[in-house]
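See below for the structure under consideration.
Residue numbers (my numbering): 14 to 295.
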């Protein structure tokens, strides 16, 4: 199995020409979903996410010598609980799995390639990613007892300041989202039925691969060691890997996957490079 690639793509305002270009690579159904948003900014972000995923998948397939698949030819379906994935035909062709998340100024996409023959791929592999931003108006204390495990609430309330408690809240939320997205069950899994222990979590800087068009990359990430996750002992996915990271003081991200031990690569692609993906690998 190839390393897990995490792509960080910052949102930018799209020009009219860019919007037309992106609309040309998403499906008619996706165009309809984009147009359901009333605000122009919300429409742009929805368009960016849908087209960005397609372009990243095409770039990944080309870069990993999987094949040349133009962005408009990716076809998606959903799992039992709504988790997006490739159709069986495309998965059998590419052996690619992905997950995505977006919040505020960032799109995060995780992609992994199974290198073994299709009949040897572990059907129980799961991947979930989440990116979250601080929301100043979120009343965290009214949410804690409803959605968090008791141990998480106790540890959070023991923190000495409101600022630290809010930081812990959104860190936990990102971790929990990545887990329920990995399982594919979403919010059908009660958020209080599993817990993360972040008490002694330390974040350290990690290397990021920037666009080749960039001579330097000043984008920095911080990442934790593997987190301690306590979940239902009857969970068939008994081996989990969860990590928490920071993009900056406002944004954090989390990734959860199971069954395998793999390296994680971190990649930053800016908008001006994103539009080159169909002709040049950035």
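Backbone N, C-alpha and C fix where the C-beta goes; we use that ideal spot for every residue, glycine too.
Buried or exposed: which applies to residue i, given that a residue is buried once 16 or more other Cβ atoms fall within 10 Å of its Cβ?
i: residue 33; result: exposed
i: residue 29; result: exposed
i: residue 58; result: buried
i: residue 78; result: exposed
i: residue 204; result: buried
i: residue 228; result: In this prediction, residue 228 has a pLDDT of 39, which is less than 50 and means its spatial position is unreliable; what the coordinates show is noted afterwards. Under this definition residue 228 is an exposed residue.
i: residue 143; result: buried
i: residue 218; result: exposed
i: residue 64; result: buried
i: residue 21; result: buried
i: residue 239; result: exposed
i: residue 158; result: exposed
i: residue 197; result: buried
i: residue 275; result: exposed
i: residue 53; result: exposed
i: residue 125; result: buried
i: residue 76; result: exposed
i: residue 237; result: buried
i: residue 31; result: buried
Please look up how many angstroms separate the CB atoms of residue i and residue j, rounded, as I've assumed it's under 8 Å.
i: residue 91; j: residue 194; result: That belief does not hold up - the Cβ atoms of residue 91 and residue 194 are roughly 13 Å apart, past 8 Å.
i: residue 68; j: residue 74; result: Not a contact, Cβ separation roughly 11 Å.
i: residue 267; j: residue 171; result: About 22 Å; that fails the 8 Å criterion.
i: residue 273; j: residue 138; result: 7 Å
i: residue 66; j: residue 113; result: 6 Å
i: residue 17; j: residue 270; result: 7 Å
i: residue 19; j: residue 279; result: 5 Å
i: residue 56; j: residue 48; result: 7 Å
Please name the residue in the options whose C-alpha comes closest to that of residue i.
i: residue 9; options: 78, 123, 81; result: With the chain covering 14 to 295 only, the question about residue 9 has no answer from this structure.
i: residue 241; options: 262, 203, 164; result: 164
i: residue 309; options: 161, 128, 174, 191; result: Given that the chain is displayed from residue 14 to residue 295, the structure contains no residue 309 and the question cannot be resolved.
i: residue 176; options: 114, 189, 148, 41; result: 148
i: residue 243; options: 280, 125, 161; result: 161
i: residue 1; options: 14, 77, 17, 23; result: The chain is shown only over 14 to 295; residue 1 falls outside these bounds and no answer can be derived.
i: residue 199; options: 17, 94, 44, 47; result: 94
i: residue 102; options: 27, 86, 114; result: 86
i: residue 108; options: 72, 129, 276, 42; result: 129
i: residue 42; options: 218, 196, 60; result: 60
i: residue 26; options: 44, 270, 62, 271; result: 62
i: residue 127; options: 196, 252, 15, 278; result: 15
i: residue 116; options: 45, 275, 286, 263; result: 263
i: residue 84; options: 220, 38, 119, 221; result: 38
i: residue 110; options: 118, 120, 71, 222; result: 71
i: residue 286; options: 223, 261, 36; result: 223
i: residue 216; options: 202, 201, 233; result: 233
i: residue 89; options: 36, 202, 104; result: 104
i: residue 106; options: 80, 118, 261; result: 80
i: residue 265; options: 174, 169, 118; result: 118
Answer yes or no: the CB of residue i versus the heavy atoms of the ligand COA, is any distance below 7 Å?
i: residue 14; result: As for the ligand COA, it is missing from this structure, which has no ligand bound.
Requested in this report: Specify whether the stretch 178-192 and the stretch 144-159 touch according to this definition: at least 3 beta carbon pairs, one from each stretch, less than 8 Å apart.
Outcome: yes
For this session: Report yes or no: do the stretch 194-214 and the stretch 257-272 share at least 3 C-beta pairs separated by less than 8 Å?
Result: yes
- Item | Length-filtered (3 minimum) beta strand (DSSP E) runs lying within the stretch 57-92 | 89-91
Can you give, in chain order, each stretch of the alpha helix (DSSP H) that sits fully within the stretch 139-194 and has at least 4 residues? 154-160, 163-170
request  = Report the residue ranges of all beta strand (DSSP E) runs contained in full by the stretch 256-280; include only those spanning at least 3 residues, in chain order.
outcome  = 264-271
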